[in-house]
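Participant: Chains as they are written, first to last, in our numbering: chain B, 39 to 389; chain S, 39 to 389.
C-beta: ideal position from N, C-alpha, C; glycine also.
Can you keep this structure in mind? I'll have questions shortly.
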DNA sequence: ATGTCGCCTGTAAACGTTTACGGATGGGGG
DNA sequence: CCCCCATCCGTAAACGTTTACAGGCGACAT
């Protein structure tokens, strides 16, 4: 009792060999009588298969890891929400890693793939260094990267198109008559930070708007950083009339500061976020946001990985999920807001 | 190259026995010369320890499972955010299970403890059945339950006090002069649903308010259910002046419907949510909510489990986290709202 | 020179499975 | 009556570690 029954305990009690026990438990052809005895013994003992021993022999753990930069970021959680059921349905467990966007931690995760406690990995790195690429090339288990990766990297890859996403948002603001459009970005040494910054500059150029460095503010990807950056911006560029924020958290920080400063949203300043997280729909005023398809990307990544795990070989695949602008009150005014969730939230599962 | 180096490969190359290799890798006392040879061989081969084999021998996986009802629910995510770093710091990996509040799935998780895939489990069941209790008693690894469990159950247990929580909210509403206070509850066969319903009835009684069954509405714990319930309520009880919602998602659904119906919040109807999720602070108007300390409960649970894993024996422990009312615009009006996050969000990690 | 002691190291068993291989048994055909 | 074949089962090896135990060897004391 102290030490849980094993296949040996069962074999003894049923009076057969461990091989027979294993065969019965795996449903291999066996004489009825033997099967009966084994099953009876297993039931009486409350036997449960030791997954570790089984993994050692079979070289399969039925576990998959998901490494994200930050468990607190709703964009990653949206991915998680999609990844989890896909893997579960296929009989895999999900191991979670939160790397806090520290490159060393990500390398660590990649390294630990060699420990073989998971069959595969989905990773969403904010920065992609040389070391990342080397480790990816040497990875001993299939990996799917969510996010962009240099051309030619031999790895399955699900990317958003934040370039087009920013473009959609800037066009929208321009159409609304805004001309002093600022960008509140995250660190430019991150992949998304760089892409979004470049897209902003390009869009402004194409629309014939004067580029003004004072309109660009950099902070981290969190709400307090957004608040700080916008407070700073309002001092330097009082006539700003629109904010393109690099994610929703930044945008929420921006709303806080605008409210405190007595600027009306969207009348005085229009605000656009990115990622279209739950927070955007809930915020006050509700936040126009560029959806980069976090949910779709999570799902796609999980499916790509499953294919590899089920033996799918062949060339690395790249899936690109298109962006979508979700217009809400923070640019279009209050009349645009309504209980939109009815259309996409939990509508399955109806009796 | 095809099949990763093992301790044997190293032993051969270094010209020593596998025992020596193991000793070196584990930092046991060894002659300098041997250590040098082994390290050199290991480096050249890019050796990584096989965690599965190690677990089989050591009977420790350094993994812990967290089973929650729904990955989508921000209250669980708040727990997750605390649990993850605590476990990570102690060298444990986190395995995630989403049970969709299906009892059978939870039983399954409990059962799979026997597979010895994880060293311990943190679980937050919505309903606690007889089978749950039996499996808990028979569990082959330490378990911590987040949520209430019948008296006398021999299991570590971290509970919220939703009874007092509801009380705080109702008192608050009463102080504001509200007298027709409705309750939008989740299913009453869940532990929190039952507790919150009872607390509501009791609080109304103590305040000398007439109990009116029409004021109580039941749905599931999600936003659309909250919306439906409130739509229904407004028809039957047009003079309702306050809503006590059993969680934040329900409250958000309520806000949607109130807005659509042209009722002002809080002037016409005050709204209180529960769990004080991120969504409450972000919502429109910002939502007064009863914090049940999700974050603290997650942290406490992780710490309790770690103590057990580190050999802590003794009686089961019960930790109760006190509730706290967070007043925002949905009851106190807009002047109460400000960028509160500054006080508690990411203030560590300065510079 | 021999015995003793300590330090390293190697051999082998163990963790709990799965599975290749060969032996036993029984039935059917020659 | 003997042989062959099919069927079922048991023995043992393997997965990659950790670790108890014992053996080898040099140094030192006698």
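(1) On the three-state DSSP scale, how would you describe residue 440 of chain B?
(2) Tell me whether the beta-carbon of residue 103 of chain S lies closer than 8 Å to the beta-carbon of residue 196 of chain S.
(3) How would you call residue 64 of chain B, buried or exposed, if buried means at least 16 neighbouring beta carbons within 10 angstroms?
(4) Cα separation between residue 243 of chain B and residue 252 of chain B?
(5) For residue 315 of chain B versus residue 67 of chain B, is the C-beta distance shorter than 8 Å?
(6) Short of 8 Å in beta carbon distance, which residues of its chain neighbour residue 275 of chain S, apart from the five on each side in sequence? Order them along the chain.
(7) Tell me the DSSP secondary structure of residue 84 of chain B in three-state form.
(8) Applying the criterion that 16 or more other CB atoms from any shown protein chain within 10 Å of the CB defines a buried residue, is residue 3 of chain S buried or exposed?
(9) Using the C-alpha atoms, what's the distance from residue 155 of chain S back to residue 108 of chain S?
(10) Please decide whether residue 46 of chain B counts as near chain S, where near means a Cβ-Cβ distance under 8 Å.
(11) From the DSSP output, in three-state form, read off residue 90 of chain B for me.
(12) Who are the near neighbours of residue 157 of chain S in its chain, counting only those whose CB is closer than 8 Å to its CB and skipping five residues on each side?
(13) Along the segment 344-355 of chain B, what residues have a CB closer than 7 Å to any CB found in chain S?
(14) Can you tell which of S/72, S/42, S/295 and S/165 has the C-alpha that lies nearest to the C-alpha of residue 55 of chain S?
(15) Applying a beta-carbon distance threshold of less than 8 Å, which residues of chain S neighbour residue 133 of chain B?
(16) Which first and last residues belong to the beta strand (DSSP E) in which residue 101 of chain B is found?
(17) Can you give me the start and stop residues for the alpha helix (DSSP H) that residue 60 of chain S sits inside?
(18) Enumerated in chain order, which unbroken segments of the alpha helix (DSSP H) with a length of 4 residues or greater are wholly contained in the segment 143-212 of chain S?
(19) In the DSSP assignment, find the unbroken alpha helix (DSSP H) run with residue 271 of chain S in it and report its ends.
(20) Let's see if you can read the secondary structure: which residues bound the alpha helix (DSSP H) around residue 346 of chain S?
(21) With contact counted as at least three CB pairs below 8 Å, one residue from each stretch, are the segment 278-285 of chain S and the segment 275-287 of chain B in contact?
(22) Can you list, in chain order, the residues of its chain whose CB lies under 6 Å from that of residue 326 of chain S, leaving out five sequence neighbours each side?
(23) Assuming residue 131 of chain B is part of the alpha helix (DSSP H), what are its boundary residues?
(24) Should residue 120 of chain S go down as buried or exposed, given a rule of 16 or more other Cβ atoms within 10 Å for buried?
(25) Mind listing the chain B neighbours of residue 128 of chain S? Cutoff is C-beta to C-beta under 7 Å, in chain order.
(26) Taking 8 Å as the CB-CB cut-off, is residue 155 of chain B touching chain S?
(27) Need the endpoints of the beta strand (DSSP E) that residue 311 of chain B sits in, please.
(28) Determine which residues of the segment 315-332 of chain B have a Cβ less than 8 Å from any Cβ of chain S, and write them out in chain order.
(29) Mind reading off the beta-carbon distance from residue 361 of chain S to residue 202 of chain S? Whole number of angstroms is fine, and I expect it under 8 Å.
(30) Suppose the cutoff is 7 Å on Cβ atoms and the five residues either side in sequence are ignored; what does the same chain contact list for residue 271 of chain S look like?
(31) Determine, using beta carbons only, whether residue 111 of chain B comes closer than 8 Å to chain S.
(32) Using a Cβ-Cβ cutoff of less than 7 Å, which residues in the same chain neighbour residue 177 of chain S once the five nearest sequence positions on both sides are dropped?
(33) Check the DSSP bridge columns for residue 326 of chain S and list the partner residues they point to.
(34) If distances are taken between C-alpha atoms only, which option among S/308, S/231 and S/208 comes closest to residue 186 of chain S?
(35) At least one CB of chain B closer than 8 Å to the CB of residue 53 of chain S: is that the case?
(36) Starting from the C-beta of residue 193 of chain B, find all residues in its chain whose C-beta is less than 7 Å away, skip the five residues before and the five after it, and write them out in chain order.
Facilitator: Quick answer:
(1) Because chain B in this structure spans residues 39 to 389, residue 440 of chain B falls outside the shown range and cannot be described.
(2) no
(3) exposed
(4) 16 Å
(5) Contact flag unset, no.
(6) Only 218, 220, 250, 252 and 253 meet the Cβ criterion.
(7) coil
(8) There is simply no residue 3 of chain S to check, as chain S begins at 39 and stops at 389 in what is shown.
(9) Computed Cα separation, rounded: 22 Å.
(10) no
(11) Residue 90 of chain B: helix per DSSP, three-state reduction.
(12) 98, 99, 100, 101, 102, 130, 179, 180 and 347
(13) none
(14) Looking at the Cα atoms, S/72 is the closest of the given residues.
(15) 101, 131, 132, 133 and 134
(16) 101-106
(17) 56-63
(18) Complete alpha helix (DSSP H) runs here, min 4: 168-176.
(19) 261-274
(20) 332-347
(21) no
(22) 310, 365, 366, 368 and 369
(23) Looking at the DSSP string, residue 131 of chain B is not in any alpha helix (DSSP H); the run it does join, the beta strand (DSSP E), is 131-136.
(24) buried
(25) In chain order: nothing, as chain B lies at least about 14 Å away.
(26) For residue 155 of chain B, the nearest beta carbon of chain S is closer than 8 Å to its own beta carbon.
(27) 308-312
(28) 316, 317, 320, 321, 322, 323 and 324
(29) 5 Å
(30) A distance below 7 Å between beta-carbons, with the five flanking residues on each side excluded, links residue 271 of chain S to the following residues of its chain, in chain order: 220, 255 and 278.
(31) It does not: the Cβ of residue 111 of chain B has no partner Cβ on chain S nearer than 8 Å.
(32) 148 and 151
(33) As DSSP reads the structure, residue 326 of chain S sits in a beta bridge with S/310.
(34) S/231
(35) By the rule that beta-carbons nearer than 8 Å mark a contact, residue 53 of chain S does not touch chain B.
(36) 174, 181, 183, 187 and 354
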